[in-house]
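To start, the structure under review is shown below, and the notes come after it.
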Amino acid sequence: MESFSMDRMGLVMTKEIRENWRNLLMMLGVMLGTMTMAAILCAQSTISSPRKYDPAIGGEVIAFTMLFFAFGAISASMMFRNMNSKESRLATLMNPASQLEKYIARWLIFIPGFVAV
């Protein structure tokens, strides 16, 4: 048996996205909403500034850096949340793909996907 197949990994990734699309979409909405609120609050605090440059940029960089690390930790912890109950562990482990394919598929969804967002 071949231990790694790109086609099978693609199928596993598609299965993960189809099964967890609501959670992924909710995570996307929370991340974008929080970043939007941080940008609005940073801009609101410097709205009456008569300077030629935007003074809110410094605050946004700090806020977005902190949010990046916080959401990165949350995304990494959610990577294997399907192993938290007996039924989901069985469903995950009985999937006819290698453990490497399952790991890479989930890693591609949660880590580079998070960075892209």
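The opening position of the sequence shown corresponds to residue 1066 in the numbering used here, with each subsequent residue numbered one higher. Glycine included, C-beta positions come from ideal geometry on N, C-alpha and C.
To the nearest angstrom, how far is the alpha carbon of residue i from that of residue j?
{"i": "ILE1082", "j": "PRO1115", "result": "48 Å"}
{"i": "MET1143", "j": "LYS1117", "result": "43 Å"}
{"i": "ARG1146", "j": "LEU1090", "result": "16 Å"}
{"i": "ALA1162", "j": "MET1092", "result": "26 Å"}
{"i": "MET1148", "j": "MET1131", "result": "28 Å"}
{"i": "ARG1073", "j": "GLU1166", "result": "7 Å"}
{"i": "SER1110", "j": "GLU1084", "result": "41 Å"}
{"i": "SER1150", "j": "LEU1076", "result": "23 Å"}
Go to residue i, then tell me how far its alpha helix (DSSP H) extends in each direction, as first and last residue.
{"i": "GLU1152", "result": "1151-1158"}
{"i": "ILE1176", "result": "Premise fails: ILE1176 is in no alpha helix (DSSP H) and is neither H nor E."}
{"i": "VAL1182", "result": "No alpha helix (DSSP H) contains VAL1182, which DSSP labels as neither H nor E."}
{"i": "PHE1069", "result": "Segment: none, PHE1069 is in no alpha helix (DSSP H) and carries neither H nor E."}
{"i": "SER1142", "result": "1121-1142"}
Alpha carbons only, please: which of the options is nearest the one belonging to residue i?
{"i": "CYS1185", "options": "TRP1086, PHE1129, ARG1087 and MET1096", "result": "The first residue shown for the chain is 1066 and the last is 1182, placing residue 1185 beyond what the model contains."}
How about the region 1161-1177 and the region 1119-1129: do they share at least three Cβ pairs that are nearer than 8 Å? no
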